[in-house]
Amino acid sequence: MYNFSGNFASSVPAFTSNTATLTYTSLNQLTSTRSFDGRVGPNNVRLTLANGSVIDAVLDMPISPGSSVSGMGVWTAN
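Structure below.
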């Protein structure tokens, strides 16, 4: 199992999602520290990492307004 844990560069309303989809082409993409940008809300989250992998999720509860986001995170493997 791989985990991506990071921080947004600016304030983002609290949100939860019980399901997310990770799209990648190589396990090498799931390593190291990566920058990302994307969008949170109103109904979905989409984060595109600098190396091309993408995290998509449906929010459990909508948040408004949606906002563009960026930040940094690190991959860990369990």
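Residue numbers (the working numbering): 83 to 160. Where a beta carbon is used, it is the ideal one built from N, C-alpha and C, also for glycine. Here the structure is a predicted model, which is why all the values come from computation and not from measurement.
**Sequence-distant residues of the same chain with beta carbon closer than 6 angstroms to Phe90, five excluded per side** = Val151 and Gly153
**Message:** Measuring alpha carbon to alpha carbon, tell me which residue in Pro124, Ser108, Asp138 and Thr107 is nearest Phe118.
**Reply:** Asp138
**Asked** How would you label Ser135, buried or exposed, when you count the other beta carbons within 10 angstroms and need 16 or more for buried?
**Response** buried
**Message:** Along the chain, where does the beta strand (DSSP E) containing Ser99 start, and where does it finish?
**Reply:** No beta strand (DSSP E) contains Ser99, which DSSP labels as neither H nor E.
**Unbroken beta strand (DSSP E) run spanning Asn85, endpoints** = Tyr84 to Phe90
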